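Colleague:
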Amino acid sequence: MKIISLFVILLLPAAGFTQKRVAVIGGGIAGVSAAHYIHQYDKNAQVTVFEKEAVLGGNAQTIEVTTGSGKKCRIDIGPQYFSKGPWDDYLAFLDETLGLETIATESTAGTLLIQREDQEKPLVVTPLNGKLRGEKLGNLLKLKRFNMEAYKAYRNPDLWKEKSIGQWVETLDFTEQYKTEIIYPFLAASLGTNSEDIRKTSAFEIVSLFAFRKPKASNSFFIMQEGMGGLIGRIGQNLERSGVNVAVSSPVLSVKRAGEKFVVQFEKAGSVFQQEFDFVVMAVHADIAGKLLSQDGTLKETSALLGQFPYFDAHIVLHQDTAYINTRKPAFLNIFSDKDNQLLFSTMNLSMISPRLNGIYKSWMSEEDTRRVKEKGFFLHETTFYHPLITPEFVANLEKLHARVDQVKGLCVIGGWTEGLETQNSAVLSAKRALEVYKSF
Numbered sequence: 003m004k005i006i007s008l009f010v011i012l013l014l015p016a017a018g019f020t021q022k023r024v025a026v027i028g029g030g031i032a033g034v035s036a037a038h039y040i041h042q043y044d045k046n047a048q049v050t051v052f053e054k055e056a057v058l059g060g061n062a063q064t065i066e067v068t069t070g071s072g073k074k075c076r077i078d079i080g081p082q083y084f085s086k087g088p089w090d091d092y093l094a095f096l097d098e099t100l101g102l103e104t105i106a107t108e109s110t111a112g113t114l115l116i117q118r119e120d121q122e123k124p125l126v127v128t129p130l131n132g133k134l135r136g137e138k139l140g141n142l143l144k145l146k147r148f149n150m151e152a153y154k155a156y157r158n159p160d161l162w163k164e165k166s167i168g169q170w171v172e173t174l175d176f177t178e179q180y181k182t183e184i185i186y187p188f189l190a191a192s193l194g195t196n197s198e199d200i201r202k203t204s205a206f207e208i209v210s211l212f213a214f215r216k217p218k219a220s221n222s223f224f225i226m227q228e229g230m231g232g233l234i235g236r237i238g239q240n241l242e243r244s245g246v247n248v249a250v251s252s253p254v255l256s257v258k259r260a261g262e263k264f265v266v267q268f269e270k271a272g273s274v275f276q277q278e279f280d281f282v283v284m285a286v287h288a289d290i291a292g293k294l295l296s297q298d299g300t301l302k303e304t305s306a307l308l309g310q311f312p313y314f315d316a317h318i319v320l321h322q323d324t325a326y327i328n329t330r331k332p333a334f335l336n337i338f339s340d341k342d343n344q345l346l347f348s349t350m351n352l353s354m355i356s357p358r359l360n361g362i363y364k365s366w367m368s369e370e371d372t373r374r375v376k377e378k379g380f381f382l383h384e385t386t387f388y389h390p391l392i393t394p395e396f397v398a399n400l401e402k403l404h405a406r407v408d409q410v411k412g413l414c415v416i417g418g419w420t421e422g423l424e425t426q427n428s429a430v431l432s433a434k435r436a437l438e439v440y441k442s443f
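Residue numbering for the sequence shown follows our numbering, beginning at 3 and increasing consecutively.
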């Protein structure tokens, strides 16, 4: 009996030991990576990931479509490609959780075409497989010089973090015609917005989208065959096997403080539940985080601050309509503008990635164009994403938000947008910041 009693005593928690309960709200890459890092650091913590959709992924949505040849394939309708360098933290996370050797990838050259809708000849078309395609060498040299200017801005963030794209472009030694015909439509397409909004955005954040490579470096991009959303789903399964609770189809309704703890109210199968947590990670967009905290009177200032971040809609359509690409001069990114040089639509020609994606196009387009595609019978899928509009004011507001949330013990607000530019990589960086907050909790 004495031996058994001693054995039981040895199994009991040490005096003062408390098992922390952690809620991670949002099952995108930020939430999933935060759950992973916190669970790795504290195996005793009870971690729960809440996701309102039926599957994990967030903006990384992977769907299955049928190609023109009748074959089924998986495609990301959200974030799709990555490159070594700016996505190294993301790749390291995938390697740690899944092993990069288990992930099949494909690559493509970053070919570009910019064309006016009322003209057959492109304004700019980059070489394909190293060969010129009728483009004037002077225009290509201008494009190269623009990339060099962007890279200089990217390498000097302190000079441009408080400046807008409009202010940066004004400093560039190009004609006004080149700026309005080429530069602004290209920048707008890189974010999936219009030329008016792109002028307001943070210069450093936007050039970071495409200027992360030295001008002479390879312009190859990589794509995961199973999709970024598919990878997050696999990581979620591993988290569950390791003891993390993954609650899908469980939209969170509110987060309130209760003394030194937090009460998370959520819905599941038509019923409303409440659960108490010691530490809460908000891995959702600013507007959603603000709404979830708004019912707590002690968090009103934080909620109000979260409501000040501007957003825009990005409507993305998967289809098989060749009217939205240039079939004579194939390019991965096809940008079309109107007679006033306003962006009409931009299309990724997924055929440039792999034969398995032949005849599938991914477009940022209007509702009217979507209706036309549907009427022709070329429609496959559509989704509207709500993206933060990263203006200099947005970046300044982030500093205020971090300072405010740091004063709330047990609460952490993360997501790609909390690092400035929203990417899968910045989402992972935000998750690492969540771990540091948890360590000091």
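The beta-carbon is built from N, C-alpha and C at its ideal position, and this holds for glycine as well. Since the structure is predicted, the reported quantities are computational estimates derived from the model, not experimental observations.
Give me the Cα-Cα distance between Tyr43 and Ala436, rounded to the nearest whole angstrom.
Modeller: Within the sequence shown, residue 43 is the residue found at index 41, counting from 1. Within the sequence shown, residue 436 is the residue found at index 434, counting from 1. When rounded, the distance between both Cα atoms is 12 Å.
Colleague: Using DSSP bridges, identify the partner residues of Gly59.
Modeller: Translated into positions along the sequence shown, residue 59 becomes position 57. Looking at the DSSP assignment, Gly59 forms a beta bridge with Gly30.
Colleague: Under a Cβ-count criterion, where at least 16 other Cβ atoms within 10 Å of its own Cβ denotes burial, should His404 be classed as buried or exposed?
Modeller: Locating residue 404 in the sequence shown gives position 402, where the first residue counts as 1. Under this definition His404 is an exposed residue.
Colleague: Tell me, which residues are paired with Ala155 by DSSP?
Modeller: Position 153 of the sequence shown holds residue 155. In the DSSP output, where bridge partners are listed per residue, Ala155 has none listed.
Colleague: Alpha carbon to alpha carbon, what distance is there between Ala36 and Lys378?
Modeller: As a first step, residue 378 is located in the sequence shown; it is residue number 376 there, counting from the start. As a first step, residue 36 is located in the sequence shown; it is residue number 34 there, counting from the start. Near 44 Å, if we compare the C-alpha coordinates of Ala36 and Lys378.
Colleague: My parser needs the beta strand (DSSP E) runs of 3 or more residues fully inside the stretch 240-287; what are they?
Modeller: As far as the stretch 240-287 is concerned, its whole beta strand (DSSP E) runs of at least 3 residues are 247-249, 254-260, 263-270, 273-279, 281-284.
Colleague: Mind listing, in chain order, the continuous beta strand (DSSP E) runs of no fewer than 3 residues lying wholly within the stretch 114-182?
Modeller: 114-118, all fully within the stretch 114-182.
Colleague: With DSSP as the reference, label Trp366 as helix, strand or coil.
Modeller: Locating residue 366 in the sequence shown gives position 364, where the first residue counts as 1. Here Trp366 sits in strand by DSSP.
Colleague: Buried or exposed for Leu143, please, with buried defined as at least 16 other CB atoms from any protein chain shown within 10 angstroms of its CB.
Modeller: The residue you call residue 143 lines up with position 141 of the sequence shown. Exposed, because fewer than 16 other Cβ atoms sit within 10 Å of the Cβ of Leu143.
Colleague: Any idea what DSSP makes of Phe9, helix, strand or coil?
Modeller: Locating residue 9 in the sequence shown gives position 7, where the first residue counts as 1. With a pLDDT of 36 at Phe9, under the threshold of 50, the modelled position of that residue is not reliable, and the figure given next carries that caveat. Phe9: helix per DSSP, three-state reduction.
Colleague: Excluding the five sequence neighbours on either side, which residues of its own chain have a C-beta within less than 8 Å of the C-beta of Ile56, listed in chain order?
Modeller: Position 54 of the sequence shown, counted from the first residue, corresponds to residue 56. Rather than Ile, the amino acid found at residue 56 in this sequence is Ala. Closer than 8 Å at Cβ, skipping near neighbours: Val250, Ser251.
Colleague: Note the first and the last residue of the continuous beta strand (DSSP E) segment covering Glu395.
Modeller: Locating residue 395 in the sequence shown gives position 393, where the first residue counts as 1. Here Glu395 belongs to no beta strand (DSSP E); instead the alpha helix (DSSP H) covers 394-407.
Colleague: Once you ignore the five residues that flank Thr182 on each side, which residues in its own chain have a CB closer than 7 Å to its CB?
Modeller: Reading the sequence shown from its first residue, position 180 is the one you call residue 182. Hits under 7 Å: Asn343.
Colleague: Spatial neighbours of Ser432 within its chain, please: CB distance less than 7 Å, with the 5 preceding and 5 following residues excluded, ordered by chain position.
Modeller: Taking the first residue of the sequence shown as position 1, residue 432 is located at position 430. Taken in chain order, the residues that qualify are Ala32, Ile416, Gly417, Gly418, Thr420, Glu421.
Colleague: Determine the burial state of Asp323: buried for a count of at least 16 other Cβ atoms within 10 Å of its Cβ, exposed for fewer.
Modeller: On the sequence shown, residue 323 is found 321 positions in, with the first residue counted as 1. That one is buried.
Colleague: Can you name the start and end residues of the beta strand (DSSP E) that Asn351 belongs to?
Modeller: Translated into positions along the sequence shown, residue 351 becomes position 349. Element bounds for Asn351: 345-351.
Colleague: How close, in whole Å, do the beta carbons of Asn360 and Ser353 come, if the pair is a contact with beta carbons under 8 Å?
Modeller: Reading the sequence shown from its first residue, position 358 is the one you call residue 360. Reading the sequence shown from its first residue, position 351 is the one you call residue 353. Correct: roughly 5 Å between the Cβ atoms.
Colleague: DSSP three-state label for Arg358, please.
Modeller: Here the question's residue 358 lines up with position 356 in the sequence shown. Helix at Arg358.
Colleague: Ser296 bridges to which residues according to DSSP?
Modeller: Here residue 296 is taken as the residue at index 294 of the sequence shown, counted from 1. Answer is none; Ser296 lacks a bridge partner.
Colleague: What are the residues that DSSP puts in a beta bridge with Ser109?
Modeller: In the sequence shown, counting from the first residue as 1, residue 109 sits at position 107. In the DSSP output, where bridge partners are listed per residue, Ser109 has Phe224.
Colleague: So, does the stretch 333-348 touch the stretch 278-285, judging by three or more C-beta pairs under 8 Å?
Modeller: These segments do not touch.
Colleague: Quick check on the burial criterion: 16 or more other C-beta atoms within 10 angstroms. Buried or exposed for Pro88?
Modeller: By 1-based counting over the sequence shown, the position of residue 88 is 86. Buried: at least 16 other Cβ atoms inside 10 Å.
Colleague: Let me know if Ala191 comes out buried or exposed under the rule of 16 or more other beta-carbons within 10 Å of its beta-carbon.
Modeller: Along the sequence shown, read from residue 1 onward, the residue named residue 191 stands at position 189. With 16 or more other Cβ atoms within 10 Å, it is buried.
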